[in-house]
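Participant:
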Amino acid sequence: MDTVRPCGCKGIRSCLLCEKEYNIAKPDLKLQLEKYSSYVYCPHCDKAWPGWDIDVYKKHPYHQGNSIQFSGVYIKLNFLNSDDIAVLMKALDDIPWEASQSGRRKQNFGPKCNFKRKKLRLGSFNGFPQSTHFVQQKFSEIAILQDFQTVEQCTLEYDPLRGASIDPHIDDCWIWGERIVTVNVMGDSVLTMTPYLGPDTKYNLKYVAEYSTAYNDLRFIENSENGDVPNISVRLPMPEGSLLVLCGASRYKWEHCVLREDVKSRRICLAYRELTPPYLNNSSNHEEVKKLLQRVSIFR
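By the UniProt record's numbering, the letter at position 197 of the sequence shown is numbered 197, and the numbering carries on one by one without gaps.
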């Protein structure tokens, strides 16, 4: 369906509400992925171990089977404590929500981007909510985020009653930079990773070679004997209060998704984006970038 539906879905995106109302058949992605070799990433030992059930990581250090290396992931458990979560949840629910696709709601703070036309406009964006400032301040505690400059903050709500999910994708590479940051505020969940096998024209991946020094060295699975990309999924734990960063191989060589089966209760997360180096340093964007950086320093 090409039209926007009352639930917020459009195109191939759907939720339980519109699937029932419009008789939409949604492919069972979980069933497909369960046919793959699956691994669960353990943030304690920085390795992925055989299994589908996300509780595999909780068995550390008593893992079973042969592990694989999965580079480009950083997970900080308990990034937010219970008091942080309580304060943040009250603040976020005081901000109006907008309907989004695939059973979600959102709160967007940042510039408007047209990824196909490669256009950015500031629109009505004039800073971030003061009540969320402390989250960005806590990034200074994380070595990999020491120089991270947030230019977009998006709150996403996943409702299990609507079958909320997000399909496999790679975040746009023309404008959004090398670190993809998610703070999982409320509700445990899982990010499922699958190798991307499509052309570099999709997701504007062709731009990555212009700014990522690591791109040419990226590999899928270090212990792959013949170099072929196997049918494989890697499951990344996103427990309540955790912070997750994707960069390098996991950012550019793998698609990530949230399966509706992994949303078992109301889930709230904050997604943060930075600019790519070429966009940030392009002289033709100087005034636009200057105005944007002024606005992202505002918390009101």
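Glycine included, every Cβ here is placed at the ideal spot set by N, Cα and C.
Keep in mind that this is a model prediction, so the values were computed, not measured.
DSSP on residue 365, reduced to helix/strand/coil?
Facilitator: This structure cannot settle anything about residue 365, because the visible part of the chain is limited to 1 through 300.
Participant: Just to confirm my understanding: we take Asp159, look at its own chain, exclude 5 residues before and 5 after, and list those with CB closer than 6 angstroms. What are they?
Facilitator: Residue mapping note: residue 159 aligns to position 159 of the sequence shown, counting from 1. Excluding residues within five positions, the ones whose Cβ falls inside 6 angstroms are Gly103.
Participant: Whole angstroms are fine: how far does the CA of Gln149 sit from the CA of Gly123?
Facilitator: For the purposes of this step, residue 123 is identified with residue 123 of the sequence shown, where counting begins at 1. For the purposes of this step, residue 149 is identified with residue 149 of the sequence shown, where counting begins at 1. Taking the straight line joining both Cα atoms gives about 20 angstroms.
Participant: Looking only at its own chain, which residues have a Cβ that is under 7 angstroms from the Cβ of Lys206, when we skip the five neighbours before and after it?
Facilitator: For this step, residue 206 is matched to residue 206 along the sequence shown. Asp200.
Participant: Counting pairs of beta carbons, one from the region 289-299 and one from the region 182-199, are three or more of them closer than 8 angstroms?
Facilitator: no
Participant: Check Asn226 in the structure and name its three-state DSSP category.
Facilitator: Reading the sequence shown from its first residue, position 226 is the one you call residue 226. At Asn226 the pLDDT is 39, less than 50, meaning the model places this residue with poor confidence and gives no usable figure here.
Participant: Which one of Ser189, Leu80, Glu19, Lys58 has the shortest CA to CA distance from Asp241?
Facilitator: Here residue 241 refers to the residue found at position 241 of the sequence shown. In the sequence on display, residue 241 carries Gly and not Asp. Ranking Ser189, Leu80, Glu19, Lys58 by Cα distance to Gly241 puts Leu80 first.
Participant: In whole angstroms, give me the CA-to-CA distance for Asn223 and Trp52.
Facilitator: Within the sequence shown, residue 223 is the residue found at index 223, counting from 1. Within the sequence shown, residue 52 is the residue found at index 52, counting from 1. Caution applies to Asn223, whose pLDDT of 40 falls short of 50 and renders its modelled position unreliable; the model cannot decide the point.
Participant: List in chain order: all unbroken alpha helix (DSSP H) runs of 4+ residues lying wholly within the region 130-182.
Facilitator: Taken in chain order, the complete alpha helix (DSSP H) segments of 4 or more residues contained in the region 130-182 are 133-138.
Participant: Using a threshold of 8 angstroms, state whether the C-beta atoms of Ser165 and Met193 are closer than that.
Facilitator: Counted from its first residue, the sequence shown places residue 165 at position 165. Counted from its first residue, the sequence shown places residue 193 at position 193. Not in contact: Ser165 and Met193 (Cβ atoms no closer than 8 angstroms).
Participant: Once DSSP output is grouped into helix, strand and coil, what is the label at Tyr22?
Facilitator: Reading the sequence shown from its first residue, position 22 is the one you call residue 22. Coil at Tyr22, not helix or strand.
Participant: With 16 as the cutoff for other CB atoms within 10 Å, does Cys9 come out buried or exposed?
Facilitator: Start at 1 with the first residue of the sequence shown, and residue 9 comes out as number 9. Label assigned to Cys9: buried.
Participant: Taking only runs that begin and end inside the region 15-99, name each unbroken alpha helix (DSSP H) of 4 or more residues, in chain order.
Facilitator: 16-21, 29-33, 82-93
Participant: Return helix, strand or coil for Ser283, following the three-state DSSP convention.
Facilitator: In the sequence shown, residue 283 corresponds to position 283, counting from 1. Correct three-state label for Ser283: helix.
Participant: Where does Cys45 land, buried or exposed, given buried means 16+ other C-beta within 10 angstroms?
Facilitator: Residue 45 sits at position 45 when you count from the first residue of the sequence shown. Exposed, because fewer than 16 other Cβ atoms sit within 10 Å of the Cβ of Cys45.
Participant: Inspect the beta-carbon positions of Tyr74 and Val190 and report whether they are closer than 8 angstroms.
Facilitator: As a first step, residue 74 is located in the sequence shown; it is residue number 74 there, counting from the start. As a first step, residue 190 is located in the sequence shown; it is residue number 190 there, counting from the start. Result no, Cβ atoms of Tyr74 and Val190 do not sit closer than 8 angstroms.
Participant: Under the assumption that Ile170 contacts Cys113 (Cβ atoms under 8 angstroms), give the Cβ distance between them as a whole number of angstroms.
Facilitator: Residue 170 sits at position 170 when you count from the first residue of the sequence shown. Residue 113 sits at position 113 when you count from the first residue of the sequence shown. In fact, because the Cβ distance is near 15 angstroms, the residues do not count as touching under 8 angstroms.
Participant: Pick from Arg235, Glu21, Pro111: whose alpha carbon is nearest that of Tyr272?
Facilitator: Walking along the sequence shown from the start, residue 272 turns up at place 272. Measuring from the Cα of Tyr272, the nearest candidate turns out to be Pro111.
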